[in-house]
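Undergrad:
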Amino acid sequence: MLRRSTRPFSVATRLAKWNEIPLAPPDKILGISEAFQKDTNSKKINLGVGAYRDNSGKPIVFPSVKKAETVLLEKETDKEYTGIIGSKKYQDSVRNFIFNNSGKDASGAQLIKEGRIVTAQTISGTGSLRVIADFLKRFNSAQNIIVPKPTWANHVAVFTDAGLSADFYAYYDKENNDLDFANLKKSISDAADESVILLHACCHNPTGMDLTPEQWEEVLAIIEQKKLFPLVDMAYQGFASGSPYKDIGLIRRLNELVQEGKIPTYALCQSFAKNMGLYGERTGSISIIAESGSQAKAIESQLKKLIRPMYSNPPIHGSRIVETIFSDENLLSEWLADLDSVVGRLNVVRDKLYQKLDKTNYNWDHLLKQRGMFIYTGLSAEQVIELREKYSVYATEDGRFSISGVNEHNVDYLADAINQVIKK
Amino acid sequence: MPSVFSGLEESSVDPIINLMIACKKDDHPNKIDVSVGVYQSESGDPHYVFPCVRAAKEHLMEKDPGHCYTLMTGIADYLSSAQKTIFGANPSNVASVQAVAGSGSLHLAFSLLKSIGYKDFYIGTPSWSNYRGMIEHVGCNYIEYPYYNYETRSVDIEAVKKALNEAPSKSVFVLQAVCHNPTGCDLSHDQWSLIFDIIQQRGLFLVFDIAYQGLSSGDVNKDAWAIREAYSRKMEFIACQSYSKNLGLYSERAGCTHVCTWDLANQNTVTSKLVAISRNEVSFAPAFGARIAALVQTDPRLQQMWAEDVLRVGSRLQDVRKQALDWFVKLQTPGDWSHILELAGLFWFSGITQLQSEKLIEEYHIYALSNGRVNVAGLNNSNVEYFCRSVDAIVRKFPSN
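Below is the structure:
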């Protein structure tokens, strides 16, 4: 047997390489959370994280979710591996929930019947975006995606990391705090034919400003004409109207256009992070609408091939909760009520804040148009920093406030702070 | 209308999946499933839940931590306890990030290594089938060398040494720390030492895959020997950990990537890079399984239960191996079966040929992998005799050579 070497082993080359790893920039939102944690001001407010908090500022477990967990614990489910793309039951539940829309979407129902919708469970919304990005990189003719400006901070990185090139299309007019619809249409029209286009289904992140049905019609006409591939991201289903079944007008319209042969295919990324409060459980899905049942089968097999070498298969705790809720009518209506009350609180507090804001020199009307978990204040980075340093109000420097951090106990303090900052 | 998905073809499925489907459909009362690598209890229950896990779930139901976003690196208690389980203590120079079970932890490790210029990954054969795809997925190459000697039914240490000595200096070796999948044949302490010597001398990089910690000796500490030894030698390496088997958390996807780096200035950098990789792929790993694992490893009562659970599982596997050997001896089954006792963990590379394994399915409803891998957890007091008699009959009817 060889003796242990007495020669000091050479790590020089390897350490040189390790030293080349650049320090990746910290996630901005989490950086804010950390600074917030350290702040000792008792009046501090965290408006950074896009997760729901109740009126006392605490995170909640949806009562319907808790009941589903109780059912699961009693049943003692097995822990064996589910499929690479999740369980059949989860896929069916999600497909039926979104594309059949509680029996109200005839086009979607037909697509399901024809086996044209491939649904795979993914690691929440990020995972679904990554899987479709990798898939498009491998199989789509166009290798570029256009995303709204602004968009979720991580969108571009997910797509470019998968090897797609990303570009922006106009979305928001910061001067007037409104949708920049004319430029939106123009920039989409200027994009290369067949580009992938990212659409936020509802509650646009970060602006909270959605298109009207009429505006969607115009955009979809351009998409059809330019043969763009619609990639819909739906992270906040239910947060616009309070009902998940009402927030999917875009999906229903796309299903019609697919049935009419006007738009051949599209894809949908969604998660239950927000609307079931399953954030940390990483529960989402990717659905791809194929041109035929046989194409759908091929796509499904390729999704499996793609996911297997990344993480083998998705986690089941969250997906079992989803399955349980969708397979029990009582739980389903409880969940719908839970969600409605969550969204109701956000709307109440949004109105309250609006009422208390000083409108003499500042137009706050955009607050009333915005929907979802955020208000896009239009405040400058300097103003946001001043809010943080002087008033312990923590938000991202793009002026996005997570409305869920506001409640009836701190809304006056927040409004006062904002009023002070905009006075200057 | 022309399709955007030009050239898309249906991808073939993993052959193990077809075997699983066939096995599921077979409802013969004597059916034995020794195929998929999951633990089954003495009563043959593949849905066996560790008592400590059950207790942890009840605890979580009462003291509900909710489902909020966790830190990007993972749940702090989980990371700390995962380190203790692997290293025996919290080492000062290990960057750990929660991962989507064993596969996710390997993917993170491979992605990190790729980002600093490593591209050649050495895999001993036979090995877990997913390594190759995982390495190619991150854009690297895999190179195979023989790990197992089919003649001697043991580790082909000469071939392993040869591969280590001949690999270019910037190569990565992926080695299973314990309970080798699929052979069940582990390196001895002396062999590990020899391997570490060469790795250190030649500036190679080592990735440990530790998916079955505790299932060899019945003690998670003993089964971490190789990693702790590498650590005490001040080697730099990555350990990829999974709780799928040793806590039965399979589909909850609890894992961890531990990067051991001796330049302390690198630690934050390494962590930040791992977080950045995750951020663009899955954001971060799921909470529930990690909360269970954290509780089991930190609560003294559950810790004790877990140690007992693992010991029971390890002992049962060893016991059923003994019983199998006794039967083969008693039946005077042609061939040398004594190696079954020298192996550890779930797997036994039986030497059963592809034809024999097909016949075992056809004639006896016994499902093993076509490469001869038997998951001994599928055996128990009530079916081991039937299993051995069936193998005996098949080996006589369809001799290996």
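Protein chains in written order, with full-length UniProt numbering: chain A, 1 to 424; chain B, 1 to 401. Glycine included, every Cβ here is placed at the ideal spot set by N, Cα and C.
1) Please classify Ser43 of chain B: does DSSP put it in a helix, a strand, or coil?
2) Does any C-beta atom of chain A lie closer than 8 Å to the C-beta of Tyr212 of chain B?
3) In the DSSP assignment, find the unbroken alpha helix (DSSP H) run with Gly318 of chain A in it and report its ends.
4) My assumption, with CB atoms under 8 Å, is that Ala216 of chain B sits in contact with Asp186 of chain B. Please give the rounded CB distance.
5) With burial defined as no fewer than 16 other Cβ atoms inside 10 Å of the residue's Cβ, what is the status of Ser242 of chain B: buried or exposed?
6) Taking the beta carbon of Thr360 of chain A as the centre, do at least 16 other beta carbons fall within 10 Å, making it buried, or is it exposed?
7) What distance in whole Å lies between the Cβ atoms of Gly208 of chain A and Gln370 of chain A, which are believed to be in contact at a cut-off of 8 Å?
8) Closest to Glu236 of chain B by CA distance: which of B:Gln98, B:Ile157, B:Gln201, B:Ala211 is it?
9) Across which residues does DSSP place Asp33 of chain B in a beta bridge pair?
10) If you run the structure through DSSP and keep just helix, strand and coil, what is Tyr69 of chain B?
11) Could you tell me which whole beta strand (DSSP E) segments of length 3 or greater appear in the region 165 to 249 of chain A?
12) Listed from N- to C-terminal order along the chain, which residues in the region 278 to 301 of chain B have their beta-carbon within a distance smaller than 8 Å of any beta-carbon of chain A?
13) Between the Cα of Leu368 of chain A and the Cα atoms of A:Pro59, A:Asn100, A:Cys203, which residue gives the shortest distance?
14) Is Gln83 of chain B closer than 8 Å to Asn90 of chain B when the C-beta atoms are compared?
15) Nearest-angstrom Cα distance between Gly50 of chain A and Lys186 of chain A?
16) Following the continuous beta strand (DSSP E) through Gln98 of chain B, name the residue where it begins and the one where it ends.
17) Only counting the same chain, and skipping five residues up and downstream in sequence, which positions put a Cβ closer than 6 Å to that of Trp348 of chain B?
18) Taking the continuous alpha helix (DSSP H) assigned at residue 403 of chain B, which residues delimit it?
19) Quick one: residues in its chain with C-beta nearer than 7 Å to the C-beta of Gly277 of chain A, no 5 flanking neighbours on either side, listed in chain order?
20) So, helix, strand or coil for His258 of chain B, using DSSP?
21) Quick check: what's the CA-CA separation for Tyr169 of chain A versus Val147 of chain A?
22) Evaluate the contact criterion for the region 301 to 310 of chain B versus the region 327 to 337 of chain A: three or more CB pairs, one atom per stretch, below 8 Å.
23) List the residues that DSSP assigns as beta-bridge partners of Gly124 of chain B.
24) Considering Cα atoms alone, identify which of A:Thr283, A:Ala240, A:Glu260 is closest to Cys68 of chain B.
25) Taking the Cβ atom as the reference point for each residue, do Leu346 of chain A and Ser292 of chain A lie within a distance shorter than 8 Å?
26) Quick check: Gln121 of chain A and Gly86 of chain A, are their CB atoms within less than 8 Å of each other?
27) If you draw a straight line from the C-alpha of Gly314 of chain B to the C-alpha of Arg291 of chain B, how long is it?
28) Hey, is Tyr142 of chain B's beta-carbon within less than 8 Å of any beta-carbon in chain A?
29) For Thr40 of chain A, go through chain B and note every residue whose CB falls closer than 7 Å to its CB, in chain order.
30) Quick check: is the beta carbon of Tyr69 of chain B nearer than 8 Å to any beta carbon in chain A?
31) Please report whether the beta-carbon of Lys57 of chain B lies at a distance below 8 Å from any beta-carbon of chain A.
32) Examine chain B for any beta-carbon lying closer than 8 Å to the beta-carbon of Phe139 of chain A, and answer yes or no.
33) Answer yes if the region 120 to 127 of chain B comes into contact with the region 273 to 287 of chain B, meaning at least three C-beta pairs across the two stretches below 8 Å, and no otherwise.
34) At which residues does the beta strand (DSSP E) containing Ser242 of chain B begin and terminate?
35) If you measure from the beta carbon of Tyr354 of chain A to each beta carbon in chain B, is any gap under 8 Å?
36) Once DSSP output is grouped into helix, strand and coil, what is the label at Phe387 of chain B?
TA: Taking the geometry as given:
1) coil
2) no
3) 316 to 326
4) According to the sequence displayed, residue 216 of chain B carries Ser and not Ala. With 8 Å as the limit, Ser216 of chain B and Asp186 of chain B qualify as a contact, their Cβ atoms being about 7 Å apart.
5) buried
6) exposed
7) 3 Å
8) B:Gln201
9) B:Tyr367
10) coil
11) 165 to 170, 196 to 200, 229 to 234
12) Arg279, Asn280, Glu281, Val282, Ser283, Phe284, Ala285, Pro286, Ala287, Phe288, Gly289
13) A:Cys203
14) yes
15) 31 Å
16) 94 to 100
17) Gly184, Ile340, Val374, Val376
18) In the structure displayed, chain B extends from 1 to 401; residue 403 of chain B sits before or after that span and is not available.
19) Tyr52, Ile60, Val61, Phe62, Val65
20) strand
21) 6 Å
22) no
23) B:Tyr145
24) A:Thr283
25) no
26) yes
27) 24 Å
28) no
29) Under the 7 Å cutoff, chain B gives no residues; its nearest Cβ is about 21 Å from Thr40 of chain A.
30) yes
31) yes
32) yes
33) no
34) 237 to 242
35) no
36) helix
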